[in-house]
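Numbering (the numbering used here), first residue to last: 1 to 539.
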C-alpha cells in the first residue's frame, strides 16, 4: 500500500519548488528585452557617429539647486562611457550640511562642443543629469577605547534613543547602461520606465544608475565639529542590462524593507547577498542559502522530537549539553551587543531557546510558579557510567581550556579597544566559545569510545547540521565574516568526521526497537561475571 508522505516532506518539497521558481525568475532578469513593435528606440551612445562627450560633477545642499548654490567638484573630458575610472575628490562641507543638513552630488553628461559644462547646460536637449545623495541620517555608532590605558572621559557616550545625525558617504558608485539594446515603448521594463528619455530621432539618452549594492553602511562617516571637508571616492563603470535590472529590483526591495521597520544596518546585510552580480554565482548562492535554511528547520524539528521523547540520558554527555546552552547564550549576547541584523539574530535566538530547553531536560528540572525543583528519578547503571566518563573527560580538558581562555581575555584587555567592560567580558567569552568550543565536544566522543556505542545520539539532526556545516565552509570563502567565526566553520568539520567514524566503528543494531533496549543490552554485558557464576552455583 502506498504510504502518504508526511507533512514535513510535503512542505519541504513545496519550499524547494518555490526556490526553484524564484531562481528562474532571477535568471530572467539577466535576459535582455527586445523590440517587438515599431517604433524601436536605439541607444544614443551606440550610434555610428557618436559625438565627443564630457562629464562634470557638482555639489549642493538641496536636490534642485539654483546656479548660486552649485559648486563644481570635477570635470572628466573627454568622457568614454566604456572605460571605468575612479577619482578621489576633496569635497567642501557647507555650513548648512554641518548643522545636520544634507549634501548632494550632481553628475551632468553633455556633448563636448568645446564649451565647459555650466549648471545651466543641464537643460540642453542632449544633456543628462544624475543626482546622488552624499548624506544619510543614522544613529551614531559606539566609540571604542582601551579600558586600561584610556579613561574613557574623552569618548562622548552614546545616549539611549539618540536621534539620527548626518553622516557623509565617502564612496560613490554609479554607472551608465552600456549594452546595445533596442526597445519600444511597450518593451521597456517596469524598473526602467522612469529613467528612459527619448529624443526626436528615436534614440534614448544615456541611462544612469547608482550601484547601491556597493554603497555600504561602513562607508558612512559622522560629521564632527571642525570637519570642513572630506575625501570622496567616485567610481564610474559601464553597466550591463542584467546588473542594471538587478540593482533596480534590489533598490525597490530595500525601500520596502525600510518601510517595514528594518534598520539601515539590516538592509546593508541583505545587500551583501547580491554583491556578486554573476548570474550563476547569484542563483547558486540563493539556492544554497535556501537549502541551508531548510536544513536548519529540519535540524531544529528533529532535535526537538528527539529530546521530547527522551526518557533516560545514558550515553549523553551532560557537560556537552550544558556547554552548548551556555555558548549559545554568550553568542546571542555578543550579537545583541554588536547590534547584529535581525536576519542573523532570530535563528540564533531560536537555537538558544532550544538549547536551554535541552539543558532543562537533561538536568531533570521542573519549572513552575513555585520555583525550580529537581525531579527525583532512579538512574540506570549506564547513566552512572556516562557521568563518570563525562567527569573524567572534563577533568583533563579543564587543564587546557581555562588557562587559554584567561590568557585570551587578558590579551584582549591590554591590546584591544572595547565599548565598555561589559563588551570586553562578552567579547572574551565569545572568543573562547569560537576558539575552544570544539573541545567541549570531546567529552561526548570520549563517552562514545568508552561505551562503544553511538545509539543515543540524535543522528538525523546531526546529519542536517553536518550538511549545514559543509555549506558554511562554502560561504566562509564568499561572505565577509570575522576570522574567528570562519575558523569555527572548519573546526565543526573535524568533529563531525570523528562522529561519522565512530558511527562506522560502532554500528547500531537495526533490530533494536529503541535506545533504552540497547542500553539494557549493554547493562547485561557489563554485569559482574563472578556474580553470574555464584548464581549458577546456587541453582
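In this text, a Cβ means the ideal position worked out from N, Cα and C, and glycines have one as well. Computed from a prediction, not measured in an experiment: that's the story for all the values here.
One or two residues paired with residue i in a DSSP bridge
i, result
"residue 104", "60, 133"
"residue 416", "BP columns for residue 416 are empty, so no partner."
"residue 55", "76, 109"
"residue 183", "41"
"residue 236", "85, 174"
"residue 454", "According to DSSP, residue 454 bridges with nothing at all."
"residue 560", "Lying outside 1 to 539, the shown extent of the chain, residue 560 is not represented and no answer is given."
"residue 138", "165"
Beta-carbon gap between residue i and residue j smaller than 8 Å
i, j, result
"residue 106", "residue 135", "no"
"residue 331", "residue 389", "no"
"residue 53", "residue 73", "no"
"residue 58", "residue 108", "yes"
"residue 117", "residue 56", "yes"
"residue 427", "residue 412", "yes"
"residue 321", "residue 360", "no"
"residue 47", "residue 203", "yes"
"residue 502", "residue 445", "yes"
"residue 235", "residue 86", "yes"
"residue 304", "residue 354", "yes"
"residue 104", "residue 77", "no"
"residue 36", "residue 187", "yes"
"residue 324", "residue 394", "no"
"residue 98", "residue 223", "yes"
"residue 29", "residue 290", "no"
"residue 337", "residue 423", "yes"
"residue 455", "residue 496", "no"
"residue 23", "residue 287", "yes"
"residue 120", "residue 68", "no"
"residue 247", "residue 218", "no"
"residue 140", "residue 165", "yes"
"residue 239", "residue 175", "yes"
"residue 367", "residue 352", "no"
"residue 299", "residue 499", "no"
"residue 433", "residue 327", "yes"
"residue 348", "residue 335", "yes"
"residue 506", "residue 420", "no"
Where the beta strand (DSSP E) through residue i begins and ends
i, result
"residue 166", "165-169"
"residue 79", "71-79"
Span of the alpha helix (DSSP H), counted from its first residue to its last, around residue i
i, result
"residue 91", "Looking at the DSSP string, residue 91 is not in any alpha helix (DSSP H); the run it does join, the beta strand (DSSP E), is 85-92."
"residue 96", "95-98"
"residue 49", "Element bounds for residue 49: n/a, residue is neither H nor E."
"residue 25", "7-29"
"residue 332", "318-337"
Cβ-heavy atom distance, residue i to the ligand ZN, below 7 Å
i, result
"residue 123", "Ligands in the displayed structure: none, and consequently the ligand ZN is not present."
Cβ separation of residue i and residue j, assumed to be a contact under 8 Å, to the nearest whole Å
i, j, result
"residue 264", "residue 172", "About 17 Å; that fails the 8 Å criterion."
"residue 271", "residue 213", "5 Å"
"residue 130", "residue 208", "4 Å"
"residue 229", "residue 84", "Going by Cβ atoms, the distance from residue 229 to residue 84 rounds to 26 Å, so no, they are not a contact pair."
"residue 12", "residue 356", "No, residue 12 and residue 356 are not in contact; Cβ-Cβ is about 27 Å, not under 8 Å."
"residue 241", "residue 32", "5 Å"
"residue 461", "residue 306", "6 Å"
"residue 177", "residue 41", "About 12 Å; that fails the 8 Å criterion."
"residue 60", "residue 180", "Contact doesn't hold; Cβ gap of about 34 Å is too wide."
"residue 169", "residue 220", "6 Å"
"residue 45", "residue 81", "6 Å"
"residue 216", "residue 268", "6 Å"
"residue 92", "residue 71", "7 Å"
"residue 65", "residue 128", "Wrong, their Cβ atoms sit about 17 Å apart, outside the cutoff."
"residue 362", "residue 316", "7 Å"
Proximity test, Cβ basis, 8 Å: residue i and chain C
i, result
"residue 425", "The structure shown contains no chain C, having only a single protein chain."
Along the chain, which unbroken stretches of the beta strand (DSSP E) at least 3 residues long are found entirely within the segment 195-233?
208-210, 220-222
Which runs of the alpha helix (DSSP H), 4 residues or longer, sit entirely within the segment 245-292?
264-271
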